[in-house]
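For reference, the structure is listed below as structure tokens.
In the working numbering, the protein residues as written are 86 to 408.
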């Protein structure tokens, strides 16, 4: 893998006028997990504390990209996955539907409940929680993956787009977690994992696309708030973000097409990092904003070339991450 990299701010991509999109997950540390190489599992179904076997995960989004990769990684352990997503029918602009995602999760070895709906709808959330508990007996993990991205500047972003980002990213994260918390409080090793960035207050990032930044930082603040509020009860809450751009529809459609995909890593790195977080002791790893590569390096991983779409390409550092 190329040792050089460039960030989205210096590349001029964290600026106004780049359009907008709705995605099940956008561009989308310390702990206690066993190191494992890219492309391999860290545990087998039914294995010990580093396995998600039998755990029930409630996830917003998950039809594609990072969310689906996290779900499939958990399914390889034998986890139960409940996904709430809007994409019921094929869309020529997007790969996959909630139904193809459910099939992929089952093929990976997990049990799945697919709930077609919008995380902005409180009735959908309540129904998903009730169905999850009825089918699997409880909820152990919440993954706040659904997100909307618009990199329009302040003078260009519409009120409708601003409200959508707040409703999906911030409110959706809060309300889904809130609905699941009574069950998380009864779980053995409960986790809330939110896919949102570190709170980087460099003016380069604050001034690039404030409407989106507010929505993503709102997700992170929500995650940190839950960690503080429920620390005594042992419910972990962390934020996870990639060091580089990830090869997803949002990156292809908004940040630069095939060339940006070539300079990205695959969703597998976020899936492996999420697995490491979610198998950690919930009383020991909480209240953190975690970068995927940093976490995996702390587990002993040194070679990340297996995650690269094109190992010869210069990696693009993601939004809100300093080199």
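No residue lacks a Cβ here, since even glycine has one placed at the ideal position from N, Cα and C.
With a cut-off of 8 Å on the beta carbons, I'd call residue i and residue j a contact; round off their distance for me.
{"i": "residue 182", "j": "residue 145", "result": "Between residue 145 and residue 182 the Cβ distance is about 16 Å, and since that is not below 8 Å, they are no contact."}
{"i": "residue 167", "j": "residue 213", "result": "6 Å"}
{"i": "residue 400", "j": "residue 278", "result": "Residue 400 to residue 278, Cβ: 24 Å. No contact."}
{"i": "residue 256", "j": "residue 205", "result": "7 Å"}
{"i": "residue 193", "j": "residue 160", "result": "4 Å"}
{"i": "residue 351", "j": "residue 392", "result": "6 Å"}
{"i": "residue 223", "j": "residue 272", "result": "6 Å"}
{"i": "residue 384", "j": "residue 361", "result": "6 Å"}
{"i": "residue 349", "j": "residue 320", "result": "Not really, about 32 Å apart at Cβ, beyond 8 Å."}
{"i": "residue 380", "j": "residue 358", "result": "5 Å"}
{"i": "residue 451", "j": "residue 230", "result": "The requested residue 451 is not part of the displayed model; the chain covers only 86 to 408."}
In or out: residue i buried (at least 16 other Cβ within 10 Å) or exposed?
{"i": "residue 282", "result": "buried"}
{"i": "residue 304", "result": "buried"}
{"i": "residue 386", "result": "buried"}
{"i": "residue 245", "result": "exposed"}
{"i": "residue 313", "result": "exposed"}
{"i": "residue 195", "result": "buried"}
{"i": "residue 124", "result": "Its pLDDT being 34, under 50, residue 124 is placed unreliably by the model, and the measurement read from it follows with that caveat. Exposed, since its Cβ has fewer than 16 Cβ neighbours within 10 Å."}
{"i": "residue 369", "result": "exposed"}
{"i": "residue 378", "result": "buried"}
{"i": "residue 174", "result": "exposed"}
{"i": "residue 242", "result": "buried"}
{"i": "residue 373", "result": "buried"}
Would you kindly check if the distance between the Cβ of residue j and the Cβ of residue i is under 8 Å?
{"i": "residue 162", "j": "residue 143", "result": "no"}
{"i": "residue 345", "j": "residue 151", "result": "no"}
{"i": "residue 376", "j": "residue 406", "result": "yes"}
{"i": "residue 228", "j": "residue 155", "result": "yes"}
{"i": "residue 297", "j": "residue 236", "result": "yes"}
{"i": "residue 141", "j": "residue 217", "result": "yes"}
{"i": "residue 371", "j": "residue 324", "result": "no"}
{"i": "residue 254", "j": "residue 289", "result": "no"}
{"i": "residue 201", "j": "residue 190", "result": "no"}
{"i": "residue 207", "j": "residue 250", "result": "no"}
{"i": "residue 275", "j": "residue 367", "result": "yes"}
Taking the beta strand (DSSP E) that residue i falls in, what are its first and last residues?
{"i": "residue 235", "result": "232-235"}
{"i": "residue 141", "result": "141-145"}
{"i": "residue 198", "result": "196-201"}
{"i": "residue 401", "result": "400-402"}
{"i": "residue 278", "result": "276-280"}
{"i": "residue 227", "result": "226-229"}
Are the C-beta of residue i and some C-beta of chain D separated by less than 8 Å?
{"i": "residue 374", "result": "Chain labels in this structure do not include chain D; a single protein chain is all it has."}
Can you give me the start and stop residues for the alpha helix (DSSP H) that residue i sits inside?
{"i": "residue 381", "result": "377-383"}
{"i": "residue 262", "result": "257-269"}
{"i": "residue 249", "result": "244-250"}
{"i": "residue 336", "result": "Residue 336 -> no alpha helix (DSSP H), and no H or E assigned at all."}
{"i": "residue 346", "result": "342-347"}
{"i": "residue 362", "result": "353-363"}
{"i": "residue 388", "result": "Run containing residue 388: none; DSSP gives neither H nor E here."}
{"i": "residue 215", "result": "207-221"}
Any alpha helix (DSSP H) of 4 or more consecutive residues that is wholly inside the stretch 292-332 | 295-314
Mind pulling the beta strand (DSSP E) runs of 3 or more residues that sit fully within the stretch 160-197?
-> 165-170
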